[in-house]
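**Q**
There are 2 protein chains.
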Amino acid sequence: MAEPKLPTRSEDFSEWYNQLVLRAELADYAPVRGCMIVRPYGWALWENITAALDSRFKATGHVNAAFPMLIPRSFIEKEKSHVAGFSPELAVVTHGGGEKLEEPLVLRPTSETIIGHAYAKWIRSYRDLPILINLWNSVVRWELRTKLFLRTLEFYWQEGHTAHATLAEAEAETRQMLDVYTDFAVNEAAIPVIPGRKSAAERFAGANDTFSIEAMMGDGKALQAGTSHNLGQNFAKAFEIRYLDPAGELQFCWTTSWGLSTRFVGAIIMVHGDDQGLILPPRLAPHQVVLCPIFKNDAEKTAVLEAAHRLRAELAAAGVRVKLDDRDNVSPGFKFNDWEMRGVPLRIELGPKDVAQNAVVLARRDRPGKEGKSSVPQAGLAAAVTARLGEIQQSLLDRALAERRRRTAEPKDYAEFRQAVESGFALVPWCGDAACEAEIKAETKATLRCIPLEQEKGPAGRCVKCGQPAAERAYFAKAY
Amino acid sequence: MAEPKLPTRSEDFSEWYNQLVLRAELADYAPVRGCMIVRPYGWALWENITAALDSRFKATGHVNAAFPMLIPRSFIEKEKSHVAGFSPELAVVTHGGGEKLEEPLVLRPTSETIIGHAYAKWIRSYRDLPILINLWNSVVRWELRTKLFLRTLEFYWQEGHTAHATLAEAEAETRQMLDVYTDFAVNEAAIPVIPGRKSAAERFAGANDTFSIEAMMGDGKALQAGTSHNLGQNFAKAFEIRYLDPAGELQFCWTTSWGLSTRFVGAIIMVHGDDQGLILPPRLAPHQVVLCPIFKNDAEKTAVLEAAHRLRAELAAAGVRVKLDDRDNVSPGFKFNDWEMRGVPLRIELGPKDVAQNAVVLARRDRPGKEGKSSVPQAGLAAAVTARLGEIQQSLLDRALAERRRRTAEPKDYAEFRQAVESGFALVPWCGDAACEAEIKAETKATLRCIPLEQEKGPAGRCVKCGQPAAERAYFAKAY
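Protein sequence lines correspond, in order, to chains A and B. Numbered according to this note's numbering, the first sequence terminates at residue 633, and the numbering increases by one at each position without gaps. Numbered according to this note's numbering, the second sequence terminates at residue 633, and the numbering increases by one at each position without gaps.
Given below as structure tokens:
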């Protein structure tokens with residue numbers, strides 16, 4: 154049953170990723186090019202992500218709803234930047250029920266337009282505002298180069314859509330949701346992210362301002378892990394979303410949208426994984442603990458399995474997501490490797506000696522080999538496991554943060570800059586000119602990831618490209 | 154702000170339904186014909202339905218996954234009954250990314266075919282079985298006559314898809330999921346249902362056996378509220394889903410599928426609603442309790458709102474889904490009517506006298522007027538409210554069951570039968586001949602809803618249509 158080893162990350166990071174996604178049974182290729190089947194293990198991870206986000210959305214006053222996937226093609230054309238951004242990526246339904254449709258329909262690439270149509274109908278007065286709606290759904294964008302989770306024709310996400318009476322409220326909402334994403338990434342996924350503003354060139358099609366959280370992957374490249382857009386009055390004007398203010402005057406609304414997708418699963422894989430496979434953050438892992446019984450004969454088996462079932466029940470009752478691997482057709486060693494590859498944060502080994510001593514062995518996924526192993530008493534196991542999971546969660550975040558620091562340079566000139574973006578992030582003064590940004594991209598393939606919200610005080614220095622005075626510093630990197 | 158009254162159910166049941174769905178803000182029409190926007194209140198109800206079902210699916214060993222919405226058209230053609238059933242209803246994507254596709258894609262009308270393709274790839278040995286996967290998604294069927302929730306081009310549902318080593322296991326799974334649906338309908342939605350087998354004419358396209366739960370709506374018509382299919386080896390043979398048995402022989406799998414959709418929201422509306430509007434069963438209601446403060450001046454307002462916020466927090470802490478309606482631009486009377494129309498099971502009225510007496514008034518939605526009102530002390534309110542919600546839940550079930558009994562006839566001859574199906578269900582002996590079933594449908598518009606699993610012992614009697622001896626009795630009714 155032994156499969157060939159995974160390529161190491163340093164040998165071929167991309168192939169390590171592709172093979173790992175398939176072997177860990179997170180996802181599979183669908184029969185339609187570029188589409189993805191999310192398998193139960195991957196979907197359980199996504200469900201934990203959705204639960205962590207959904208509770209944050211509800212705590213900030215949002216409610217969920219559902220909008221149709223089919224949108225009249227004419228809708229996409231109503232907002233002029235939006236159509237420019239999305240029309241090359243549309244999938245078009247031309248026939249229904251055996252007949253050619255009068256107007257072709259598109260599969261939503263995102264829902265701003267149909268939301269605009271509905272909000273224009275629903276909103277009458279300032280008393281109807283704000284509207285704070287989130288959708289959990291999938292959208293379709295006809296991408297040419299695809300990769301499981303990172304870029305697929307159909308992908309799963311949430312898209313928030315809000316309407317407000319004032320610009321200030323829309324700005325506050327946009328920033329609030331960026332904060333929610335940051336909090337989620339850091340505290341649930343153990344992924345340090347840089348919240349920042351996008352340059353005009355990298356904005357969402359139809360937004361006045363786009364903010365994102367940017368994360369560094371295990372190969373030093375960046376991944377945009379969530380975005381929050383201030384749409385100004387662009388969609389309000391295109392779709393006539395208006396309200397009567399307290400003085401009885403008709404005003405256009407201010408709208409926002411924000412999204413986080415199954416790309417984030419790719420981020421978790423690429424930030425935390427090692428050459429043995431996945432390492433899932435305990436707070437999101439489908440199985441936080443795998444319990445592996447070890448025995449050589451029937452007498453041992455009886456004693457070990459009795460203890461295993463008892464401990465499994467104790468852990469489950471304490472709220473730990475625990476999996477008992479009682480397969481009898483594979484060896485303990487096979488199970489250890491298998492669950493390591495699948496990234497379960499903590500393994501419990503339980504053999505006859507452990508049973509005799511009323512103990513178990515805990516083995517941490519983030520510290521392979523003896524260093525990560527320790528024997529603990531069975532009494533109070535749930536508390537010990539919970540504490541260990543907390544340590545692993547923290548250690549993954551610390552490690553990712555240290556790695557990002559190690560691979561983030563502050564180059565003094567363009568030569569150093571070019572070198573820096575070969576293997577990580579470069580934080581440099583930028584003059585704000587789109588021409589410099591475009592030249593950098595053409596020459597280095599590095600894009601402006603974001604202008605971080607946190608800026609050092611005082612002058613930023615001179616633009617790394619043109620030497621003109623810069624008002625701000627920005628992160629550049631190659632990106633997924 | 155007063156809107157014209159709803160039509161009564163006896164005046165125009167269909168129009169009562171249509172207006173109620175819109176006014177209660179459960180759903181709205183989408184710009185594309187036959188599509189539906191599920192608004193936050195409707196989606197919150199659906200989320201409670203999904204949570205109640207999902208926990209039952211997981212308790213019976215199922216896991217969730219996600220499959221793409223785009224399916225090659227050729228897949229639909231692989232199983233011959235399936236293509237006959239579904240090809241008239243397909244929506245077809247012919248263009249993607251600005252180019253014509255080599256093979257047209259269809260939007261899934263249901264996922265048996267793409268599931269078959271994947272299971273054939275994933276299943277190798279008997280050790281891989283059973284596979285017990287459920288999907289929460291939406292599907293598209295190009296219906297001509299549509300009605301919000303009951304029949305829409307795109308609708309939301311869950312579809313379970315399982316693969317087994319033996320026919321007996323597949324049969325047990327099919328029946329188990331029918332039991333799960335029955336338990337959910339009765340104990341969560343307070344909807345009495347009749348679990349039974351469909352006739353061959355009413356089977357799912359591709360199934361050997363279809364089971365359903367059938368519910369009676371407020372106008373005496375039937376609604377199929379959930380289905381469970383034993384697919385035999387039909388899809389296994391069409392897609393080559395095979396496994397090696399312990400003896401090393403290659404065998405075809407046995408598969409099942411089962412689904413429950415947003416139609417069920419329609420059932421809740423039509424079973425429990427009255428002329429004032431919705432009545433939602435407490436276990437599924439988005440707001441179980443609405444708290445309406447009553448005051449005439451600022452001094453009263455301060456005292457009443459202070460108590461209202463305190464009681465709201467107490468109820469929420471006890472796990473009650475409570476909404477405090479603190480709008481200051483509408484009267485208490487307006488709020489009472491509004492929340493009655495929206496079907497909140499229990500209202501708490503809180504005025505200055507109640508505050509002075511450390512009491513509140515509870516008003517039951519299922520018993521309008523004084524009969525359903527009572528004053529209870531604020532001390533121990535959460536327990537009182539929880540008990541009252543339990544009583545309402547039971548009362549809704551009892552009432553629906555009594556109504557179904559009242560409108561279910563056991564006609565002795567075809568003349569009585571024809572009369573019975575004008576206003577309710579008819580339980581009659583049926584010979585099993587599809588010709589009798591078809592004639593009944595043509596003559597009365599009543600269809601065979603199901604052959605109930607529970608049959609009286611002894612001979613069933615003679616077929617209501619042809620007079621031949623019947624082995625079983627079946628329910629006939631007009632249906633949604």
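All C-beta atoms in this analysis are idealised placements derived from N, C-alpha and C, irrespective of residue type, glycine included.
(1) Is Gly401 of chain A buried or exposed, if buried means 16 or more other CB atoms sit within 10 Å of its CB?
(2) Which of helix, strand or coil does DSSP assign to Asp362 of chain B?
(3) May I ask you to report which of helix, strand or coil DSSP gives Asn383 of chain B?
(4) Within 8 Å (strictly less), CB to CB, does His314 of chain B reach chain A?
(5) Using 10 angstroms around the beta-carbon of Ser414 of chain B, count the other beta-carbons present and answer buried if the total reaches 16, otherwise exposed.
(6) In or out: Ser163 of chain B buried (at least 16 other Cβ within 10 Å) or exposed?
(7) For a test of the three-state rule: what should DSSP assign to Met154 of chain A, helix, strand or coil?
(8) I want to see whether chain B comes within less than 8 Å of Asp181 of chain A, judged by CB atoms only; does it?
(9) Between B:Gln608, B:Ile604, B:Ala623, which lies nearest to Gln377 of chain B when the distance is taken from Cα to Cα?
(10) What do you get for Asn217 of chain A, buried or exposed, if any count of 16 or more other CB atoms within 10 angstroms of its CB means buried?
(11) Applying a beta-carbon distance threshold of less than 7 Å, which residues of chain A neighbour Asn490 of chain B?
(12) Can you pull the DSSP bridge partners for Glu625 of chain B?
(13) Return the CA-CA distance between Val529 of chain A and Val473 of chain B, expressed in angstroms with no decimal places.
(14) To the nearest whole angstrom, what separates the beta carbons of Ile344 of chain A and Ala438 of chain A, a pair I think is in contact under 8 Å?
(15) Return the chain-ordered list of same chain residues with a C-beta closer than 6 Å to the C-beta of Gly373 of chain A, the five sequence neighbours on each side being excluded.
(16) Got a sec? Which residues, its chain only, sit under 7 Å from His270 of chain A by beta carbon, not counting five neighbours each side?
(17) For Gly486 of chain B, go through chain A and note every residue whose CB falls closer than 7 Å to its CB, in chain order.
(18) Under 7 Å Cβ to Cβ from Ala469 of chain B, same chain only, skipping five residues before and after it: list those, please.
(19) Less than 8 Å between C-beta atoms, sequence neighbours within five positions excluded: which residues of the same chain meet that for Ile432 of chain A?
(20) Since Asn287 of chain B sits in a beta bridge, which residues does DSSP pair it with?
(21) Within 10 angstroms of its Cβ, does Met154 of chain B collect 16 or more other Cβ (buried), or is it exposed?
(22) Measuring straight from C-alpha to C-alpha, what distance separates Ser700 of chain A and Gln572 of chain A?
(23) Given a limit of 9 Å on CB to CB distance, which residues of the stretch 296-315 of chain A reach chain B?
(24) By how many angstroms is the C-alpha of Trp583 of chain A removed from the C-alpha of Gly620 of chain A?
(25) Have a look at Asn361 of chain B and Thr299 of chain B and give me their C-alpha separation to the nearest angstrom.
(26) Grouping DSSP H, G and I as helix and E and B as strand, with all else coil, what is Thr539 of chain B?
(27) Tell me which same chain residues have a C-beta within less than 6 Å of the C-beta of Leu331 of chain A, skipping the five on either side of it?
(28) I'd like the ranges of any alpha helix (DSSP H) spanning at least 4 consecutive residues and lying wholly in the stretch 423-484 of chain A.
(29) Let me confirm a value: Ser208 of chain B is counted as buried when at least 16 other C-beta atoms fall within 10 Å, else exposed. Which label applies?
(30) For Asn511 of chain B, I'd like the list of residues in its chain whose CB is within less than 8 Å of its CB, leaving aside the five on either flank, ordered along the chain.
(31) Classify Ala211 of chain A as buried or exposed, calling it buried when 16 or more other Cβ atoms lie within 10 Å of its own Cβ.
(32) Where are the beta strand (DSSP E) runs, 3 residues long or more, that stay fully inside the stretch 175-246 of chain B, in chain order?
(33) Could you tell me whether the Cβ of Met154 of chain B comes closer than 8 Å to any Cβ of chain A?
(34) Take the Cβ of Ala323 of chain A as the centre, count every other Cβ of all protein chains shown within 10 Å, and call the residue buried at 16 or more, exposed below.
(35) Give me the Cβ distance between Glu312 of chain B and Thr409 of chain B, rounded to the nearest whole Å; I'm assuming they're in contact under 8 Å.
(36) Measure from the C-beta of Phe388 of chain B to each C-beta in chain A and report whether the shortest distance is under 8 Å.
**A** According to the data block:
(1) exposed
(2) strand
(3) strand
(4) no
(5) buried
(6) exposed
(7) Caution is warranted here: a pLDDT of 47 is assigned to Met154 of chain A, below 50, making its placement in the model unreliable, and no coordinate value can be reported.
(8) yes
(9) B:Ile604
(10) buried
(11) None at all; the shortest Cβ gap to chain A is about 18 Å.
(12) B:Trp583
(13) 41 Å
(14) Not really, about 14 Å apart at Cβ, beyond 8 Å.
(15) Arg560, Ser576, Gly577
(16) Phe228, Phe392
(17) Going along chain A, no residue has its Cβ under 7 Å from Gly486 of chain B, so there is no contact; the nearest lies around 19 Å.
(18) Val475
(19) His425, Gly426, Gly496, Pro498, Arg518, Asp519, Leu549
(20) B:Asn217, B:Gly313
(21) Because Met154 of chain B carries a pLDDT of 47, less than 50, the predicted location of this residue cannot be relied on, and no value is offered for it.
(22) This structure cannot settle anything about residue 700 of chain A, because the visible part of chain A is limited to 154 through 633.
(23) Glu296, Leu297, Thr305, Leu306, Glu307, Tyr309
(24) 9 Å
(25) 28 Å
(26) helix
(27) Pro348, Phe364, Ser381
(28) 451-470
(29) exposed
(30) Pro530, Gln531, Ala532
(31) Correcting the residue identity first, residue 211 of chain A is Lys in this sequence and not Ala. It is exposed - the Cβ of Lys211 of chain A has fewer than 16 other Cβ atoms within 10 Å.
(32) 180-182, 189-191, 216-218, 223-225
(33) Model confidence at Met154 of chain B stands at a pLDDT of 47, short of 50, so the residue's coordinates are unreliable; what they give is reported in the following sentence. Not one chain A Cβ lies under 8 Å of Met154 of chain B.
(34) buried
(35) Not really, about 11 Å apart at Cβ, beyond 8 Å.
(36) no
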